[in-house]
Structures are given as C-alpha cells and as structure tokens.
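Visitor:
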Amino acid sequence: MSKSPSTSRTSASEPVSRRTRPAKAALSADALVAAALAILDADGLEAVTMRRVAQALDTGPASLYVYVANRDELLAQIYDRVMGEIPLPDATPIGAPLPNWRELLRALIHDAIAVLGSHRGIASVALGDVPTGPNALAFAEALLGLLAGSGIDDLTRSLALDLINMHITAAAVEQSTYHDKGARGMTEESAVAAMDEAFAKLSPTEYPHLVSMREALTQGSGDERDAWGTEVLINGILATPARGSWPQGPDGMPPAAPTHEA
C-alpha cells in the first residue's frame, strides 16, 4: 500500500512567499555615506557615482537625492566623515599657555596626512573649496588652537591655517596615489629606482644641477620629506608675520583689493 505524502511538505496549492532575501536595511544619510566611502576605498574617487552607490544600497538613484543634492555634496560628506577619523588634541582655551604646541601641531599634521592619504583620492575634494562639515570645522578649530600657543597674531594664524591645510591636502593626495600604485605592484623602492634611472640618462651639459644632485634628489622616504616640509612651514610661519610682510594700509592691515566698477 502506498504511503501518503509527508505532511511537512508544502502543498502545491499553498502560496509561496516571493521574498527570497532578508528585508533591506533602512536607507539613511549615514548608510549613504558609509556605502559611498566603501566604494571609494575599493575602487577610487571616480567610482563614486550616484548610480553605483544606489546599487550598493539596493535602491534607485532618485532615493539618494533625499539626503544629498548631488555627487559633489556626497563627496563633501564623505570627506567630512574621513576628517572625523583624525585624532584631535584636547581643546585649547583662548589665552591658555600651551608650551608643547609645536609637538602637538606636528603630530596633528602627520595624522591628518596619514588619514586622508589612506582613503583613495578623498583629499582632492578639498582642493578649490573650503570644507565646512562639522569634523572639518573641529579640525580647523584644533589647528588654530595649537597655533595660538605660538603667540603669532590672528592674521598670521588665519593665513597659516590655509597654508597648512594646502600642505596636508597635497601630501595626502600624493600619499594616496602611491598607495594606488602600491596596489598595482609598485613599491617606494622601485619608484626611486625608476627616478634615479631617468636622472642617470640626463646630459650634464643640459641639466647640470639635476645631474650633480642625482643622489640627493632620491634621498629620504615620503614620510621624512613630509616631516621636513612641516618643519619648514612652521618655521616660516613663525619668521614671517603677515603684518610685517604685506603692504599695509593706515590701520596696519593689508590694503583691500581694488574694486572694478562696470
């Protein structure tokens, strides 16, 4: 006698759910930035598009515009997220003595270059722009607080903020580029060897300085050169107060730029 079908088996007449995967996580601004940052770290800045991020979040591109106006705004938010990874020193009250300001400033600049340089191309977002996200502002506040310990005037401190940020951005972009090349098999040693080989082929008549300085031009690691650049910046800022180096108006401030009437 035949056995009846097992009662544990689904009957052909019973409805079967079409859901074949867990429910999607709720979309949020935080999830959007996290997904975009993951794409950037994996494939670089150019890979971060609204469509690519939407695919990663299993949604349509239109849904992303609830949180950001466009790709530029998304990149700005990624940049600020990365800025939040930089360890900051304790806040410096205005007027408080800070004898170790130089050591702290040196460390802050080093850490900023290292963090920004570790995320592929994100430092370039700051080029030609003034980042105003909360983490970027916290970094600027910390940097200005450390510079206050040097005793320089406010105008010089303001200009120093711009100059140091440009140094950080340029060094981080270069570091990020080297990381990319490293992923493709190029090491710092092989890059230096290629540079030395190029210099070795130069004519001493046409390029006397490059040829005579061939050994010096390839000395020092990237970190050592960045550290030297930081010292040059700090020393130059201390030695070049803005009020004394710019043409001054009657109030001791640099004269305003001329206006051009139509």
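The working numbering numbers the first residue of the sequence shown as 1092 and each following residue consecutively.
C-beta atoms are modelled at their ideal positions from N, C-alpha and C, and glycine is treated no differently.
CA-CA distance, L1250 and L1228?
Guide: 16 Å
Visitor: Return the residue from the list A1122, T1331, P1180 and D1317 that minimises the CA-CA distance to D1244.
Guide: T1331
Visitor: Applying the 10 Å Cβ sphere with the 16-neighbour rule, what's the burial state of S1267?
Guide: buried
Visitor: In angstroms, rounded to a whole number, what distance separates the CA positions of S1303 and L1293?
Guide: Roughly 10 Å separates the two Cα atoms.
Visitor: Indicate the three-state DSSP secondary structure (helix, strand or coil) for S1097 in the structure shown.
Guide: Bear in mind that the predicted position of S1097 carries a pLDDT of just 43, short of 50, making it too unreliable to give a figure here.
Visitor: Between A1182 and G1236, what straight-line distance do the alpha-carbon atoms span, to the nearest angstrom?
Guide: A1182 and G1236: Cα-Cα distance of roughly 7 Å.
Visitor: Quick check on A1167 - is its C-beta less than 8 Å from some C-beta in chain D?
Guide: In the displayed structure, chain D is absent; only one protein chain is listed.
Visitor: Where L1166 and I1204 are concerned, what is the direct C-alpha to C-alpha distance, given to the nearest angstrom?
Guide: 18 Å
Visitor: Considering just the uninterrupted stretch of the alpha helix (DSSP H) at E1232, what are its terminal residues?
Guide: Taken as a continuous stretch (DSSP letters only), the alpha helix (DSSP H) holding E1232 covers P1225 to A1239.
Visitor: With 16 as the cutoff for other CB atoms within 10 Å, does S1281 come out buried or exposed?
Guide: exposed
Visitor: Can you look up T1331 in the DSSP assignment and give me helix, strand or coil?
Guide: coil
Visitor: Whole angstroms are fine: how far does the CA of V1173 sit from the CA of L1199?
Guide: 14 Å
Visitor: According to the neighbour-count rule (16 or more other Cβ atoms, all chains shown, within 10 Å of its Cβ), is A1153 buried or exposed?
Guide: exposed
Visitor: Taking just the CA atoms, how far does V1283 sit from T1296?
Guide: If you take the alpha carbons of T1296 and V1283, they lie about 23 Å apart.
Visitor: Which residues mark the beginning and the end of the alpha helix (DSSP H) in which S1303 is found?
Guide: P1299 to S1303
Visitor: DSSP state of Q1310, grouped into three classes?
Guide: coil
Visitor: Cα-Cα, which of L1252, L1218, A1127 and I1169 is closest to T1140?
Guide: A1127
Visitor: Can you check whether the CB of I1169 is closer than 8 Å to the CB of D1202?
Guide: With a cutoff of 8 Å on beta-carbon distance, D1202 and I1169 are scored as not near each other.
Visitor: On the criterion of 16 or more Cβ atoms from any shown chain inside 10 Å, does V1159 qualify as buried, or is it exposed?
Guide: Counting of Cβ neighbours within 10 angstroms places V1159 among the buried residues, the total reaching 16 or more.
Visitor: How is G1135 classed by DSSP in three states: helix, strand or coil?
Guide: coil
Visitor: Rounded to the nearest angstrom, what separates L1129 and L1189 at their Cα positions?
Guide: What sits at residue 1129 in the sequence shown is Ala, not Leu. Going by the C-alpha atoms only, they are around 38 Å apart.
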